[in-house]
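Those letters in the sequence shown? Residues 0 to 232, per numbering that gives the first Met the number 0, in order.
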Amino acid sequence: MNAATAILDFLLPRECHICGRTLDGDERCICASCHASLPRTAYHRMPDNPMVRRFMGIIPYRRCTSVFFYTPDSDLSNLIQDMKYRHFRHLGRRMGEIMAGDLLSTGFFNDIDLLVPVPMHFLKRARRGYNQVEELCRGISTITGIPVDTSLKAVRRHVTQTKLSHEQRLRNTVGIFALKHPEKLAGKHVLLVDDVCTTGGTLISAANAILAPFKQSSVPPAISILTLSSTTS
0 MNAATAILDF LLPRECHICG RTLDGDERCI CASCHASLPR TAYHRMPDNP MVRRFMGIIP
60 YRRCTSVFFY TPDSDLSNLI QDMKYRHFRH LGRRMGEIMA GDLLSTGFFN DIDLLVPVPM
120 HFLKRARRGY NQVEELCRGI STITGIPVDT SLKAVRRHVT QTKLSHEQRL RNTVGIFALK
180 HPEKLAGKHV LLVDDVCTTG GTLISAANAI LAPFKQSSVP PAISILTLSS TTS
């Protein structure tokens, strides 16, 4: 820790987003104890994990995983609320670093060319000031060195998924994305990234939008999927 950081910590102590304890030294956003206790899925060790089964036969993919289990009343849910709705933009980047740190030695990022965040409609982004999924990708990129590509765009608004049924969620995400500059993704292995996977409808729509311009192409992109968290079990 440098002197400037030490002075700032003294004047404005940094607190863990989960337990509220004052952070020590190089701890960022969450303390070491809370970091260790986050509910990890270990899906990357399971070739037939629930994320894989969720998309099997629906979209073509290389591999799929989610780093944490999601439940609405969990500490992780509070982190995601902070990241999305309480303007803690830096928390998204930190969680991306944690995701990448957990997976870096497993080979999950091998041969990935680009990180593609699920996009946010520009009006919603303007209100929030940032896309938290893009921040996740920036954090992943910091650890892996894989560049972030934002060619995938949200071309129409959709209502929040939180209170929708399974069928409503799927209908709500049809046709909301389009790929700009598809030539940038031609022949690439892209990692499609989102924060939470529930029904998978958003990721299915995003993957279909990535593949749509390549129906007659001999060099379509390959797609893998990574989410911060998942309700699948």
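Glycine is no exception: its CB is placed at the ideal position from the N, C-alpha and C atoms.
Computed from a predicted structure; not experimentally measured.
For the pair H43 and L113, the CB atoms are not nearer than the 9 Å cut-off. In its chain, beyond the 5 residues on either side, L90, G91, M94 and Q131 have a beta carbon closer than 7 Å to the beta carbon of M82. Buried is the label assigned to C63, since at least 16 other Cβ atoms lie within 10 Å of its Cβ. In the displayed model, K183 falls within a helix according to three-state DSSP. The secondary-structure analysis by DSSP pairs K152 across a beta bridge with A177.
Excluding the 5 residues flanking it on each side, G100 has same chain C-beta neighbours closer than 8 Å at I142, in chain order. Taking all protein chains shown into account, L225 has 16 or more neighbouring C-beta atoms within 10 Å of its C-beta and is therefore buried. Excluding five sequence positions before and after D23, none of the CB atoms of its chain fall closer than 6 Å to its own CB.
As a beta-bridge residue in DSSP terms, V115 pairs with L191. For the options T197, K214, V218 and P219, the alpha carbon positioned closest to that of L227 is the one of T197. Collapsing the DSSP output to three states places S217 in coil.
In terms of Cα proximity to V115, the closest of V192, M45 and I145 is V192.
By the CB criterion at 9 Å, I58 and I203 fall inside the cutoff.
Selection F107, A177 and I29 evaluated against I79 yields I29 as nearest (Cα-Cα).
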